[in-house]
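These notes concern the structure reproduced below.
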Amino acid sequence: MTAGGCGAWTLGGRSLGALALIFAALGVVAAPAEDPAALLAGLEKRYAAVETAAGNFVQTYRAPGVEQTESGVFWLKRPGLMRWEYREPEEKLFVADGKESFLYVPSERQVTVQPLTPEDFEGTPLGLLLGAKHFSRGYEASADGGTPRLEGTVLLRLLPRRPDSGYDYLVLELDRDTSDIRRIVIREHIGNTSEFLFSDVSTNVRVPAGRFRFTPPRGVEVLRLGDNDRIE
């Protein structure tokens with residue numbers, strides 16, 4: 099996510115397409131892996147019972163001649179609270195407090211602030227993890243013909259029904275036995291991809307409320323995006 103584009107489903111400079119996330123190895127689902135529609139419905143049903151999630155992530159962005167990998171830890175809480183701490187190769191912080199999002203890049207001494215509410219996650223990958231209702235209605239599910247990257251997994255492709263989604267499709271890599279989400283790939287309209295690989299994910303864990311609050315450090319530039327962009 100750049101200073102000029104802190105969208106409702108962007109993190110760390112790259113489209114989530116979500117996230118979210120979307121996002122995180124959450125939950126056991128009983129739907130058979132060979133039935134894409136049942137898998138999607140099962141994911142939505144399971145995640146409706148998930149209030150919080152925390153774990154590790156590796157994010158890889160690929161474009162012609164470019165491959166950028168970042169990693170860190172994340173915390174999520176319904177209905178729209180997030181904290182993503184990028185630790186390698188550069189420290190960055192993305193926080194959503196239910197009203198606004200904050201992207202802080204210490205090396206640039208800059209914070210980008212933008213309105214971001216739970217409603218903004220509707221129709222995005224993060225909507226599944228952050229409480230969007232009827233998430234499955236926003237996608238057409240199908241089997242994916244690619245090769246799973248991880249052992250014991252199956253691929254599920256999701257095509258967004260909204261023409262303004264900003265991406266062509268998602269690929270979820272699910273554990274064949276449990277249907278946990280192990281990996282998400284977002285294919286952008288221009289052909290670039292963002293991949294999120296999750297590990298050590300815990301659900302319905304206690305997360306302090308302060309983890310989703312952020313106050314810009316003194317002395318940094320604050321760029322507020324919205325109806326009237328301004329620099330403080």
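Just so you know, the sequence shown maps onto residues 99 to 330 in our numbering. Cβ coordinates follow ideal geometry from the N, Cα and C atoms, glycine included.
- In the three-state DSSP reduction, E249 falls in the coil class, being neither helix nor strand.
- Closest in alpha carbon position to E142, among S297, L179, S277 and E206, is S277.
- Apart from sequence neighbours up to five positions away, the residues of its chain that approach S240 with a beta-carbon distance below 6 angstroms are P134 and R255, ordered along the chain.
- Bridge partners of P258 according to DSSP: Y237.
- The three-state secondary structure of P213, taken from DSSP, is strand.
- When secondary structure is reduced to three states using DSSP, D218 falls in the helix class.
- Contiguous beta strand (DSSP E) elements confined to the stretch 253–302 occur at 265–273, 279–286 and 291–301, taking only those with 3 or more residues.
- Judged by DSSP secondary structure, K197 falls outside any beta strand (DSSP E); it is assigned neither H nor E.
- D242 and E319 have their alpha carbons spaced roughly 44 angstroms apart.
- Assignment of beta-bridge partners to L191 by DSSP yields E183 and Y202.
- Here DSSP, grouped into helix, strand and coil, assigns E142 to helix.
- Counted as a single uninterrupted DSSP element, the beta strand (DSSP E) harbouring A152 occupies residues T150 to A161.
- Contact between the stretch 269–276 and the stretch 246–255 is present, with at least three C-beta pairs closer than 8 angstroms.
- Around the C-beta of L179, 16 or more other C-beta atoms lie within 10 Å, and the residue is accordingly described as buried.
- Going by C-alpha positions, A161 is about 12 angstroms away from E293.
- Taking C-beta atoms as the reference points, W182 and A152 fail to come closer than 8 angstroms.
- T291 has its alpha-carbon roughly 28 angstroms from the corresponding atom of K197.
- Between A146 and E249, the alpha-carbon positions lie close to 27 angstroms from each other.
- Straight-line measurement puts the Cα of N154 at about 19 angstroms from the Cα of Y202.
- Check the Cα spacing between D262 and each of G236, R247 and V283: the tightest is with G236.
- Counting only the Cα atoms, Y159 lies some 9 angstroms from E168.
- In terms of CA proximity to H287, P258 leads the group P258, P315 and A307.
- Taking C-beta atoms under 8 angstroms as the contact rule, P223 and I279 fail to qualify, at a distance of about 10 angstroms.
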